[in-house]
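The structure appears right after this line, and notes come after that.
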Amino acid sequence: MPVRPLKTQHYSAVKSIYREAFQRNGYTDKDLGRSWSKRLGASCGYFNGHGDLLGFGLAIDRDRWRKNYIHFLAVYKKYRGCGYGSKILHSMMKSLPNVYLWPEGDTDKETDALKGWYGSHGFRKSAKNFYVVHPYNTRSKSKPRPV
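What the sequence shown shows, in the numbering used here, is residues -8 to 138, in sequence order.
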């Protein structure tokens, strides 16, 4: 199965994808380290047939809001558009009730594209500008699309 849970030995591969995807946005390795140490079991990666990690999704529990938060979801640039991010997201959504996130790209255009991509997977903008997939326990209104 190409989508599998993330384990300790995957951290260096996750860090490589993370650096390519997020460090231009001002995130640091410390941000990844904090999220990695708090990751939920729903955090997962997409692996090719050789066992190489091509993308990952990292979810944490945000106690402050008592909701599950997808903190990072990224795929190596050369593999974007292949459906791997969708498979990662779909896998995470199966086990995360009330999941939410904050879409952020390098540019406004990228951020808008991400908002549209998450919208196609059932996420909707909340009153506080987060994107949620399970508002008010009505998942039937916003099911993730099959991949």
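Built from N, CA and C at the ideal position, the CB exists for glycine as well.
Using only the alpha-carbon positions, how far apart do residue i and residue j sit?
{"i": "Val207", "j": "Gly36", "result": "Shown here, the chain extends from -8 to 138; a query on residue 207 therefore has no answer."}
{"i": "Asp99", "j": "Ala65", "result": "17 Å"}
{"i": "Tyr122", "j": "His41", "result": "34 Å"}
{"i": "Lys(-2)", "j": "Ser7", "result": "15 Å"}
Residue i: buried (16+ other C-beta within 10 angstroms of its C-beta) or exposed?
{"i": "His1", "result": "buried"}
{"i": "Asn39", "result": "exposed"}
{"i": "Ser111", "result": "exposed"}
{"i": "Gly72", "result": "exposed"}
{"i": "Pro94", "result": "buried"}
Please list, in chain order, all residues of the same chain as residue i whose beta carbon is under 7 Å from its beta carbon, the five residues on each side excluded.
{"i": "Leu31", "result": "Ala50, Ile51, Asp52 and Asn59"}
Who are the Cβ neighbours of residue i in its own chain at under 6 Å, not counting the five residues just before and after it?
{"i": "Phe114", "result": "Tyr122 and Val124"}
How far does the beta strand (DSSP E) with residue i in it extend, from its first residue to its last?
{"i": "Arg30", "result": "Careful: Arg30 lies outside any beta strand (DSSP E) and carries neither H nor E."}
{"i": "Arg15", "result": "Counting along the chain, Arg15 falls outside any beta strand (DSSP E), and DSSP gives it neither H nor E."}
{"i": "Pro(-4)", "result": "Val(-6) to Pro(-4)"}
Legend entry - Start-end ranges of the beta strand (DSSP E) lying completely within the stretch 52 to 123, minimum 3 residues: 58 to 66 and 90 to 92
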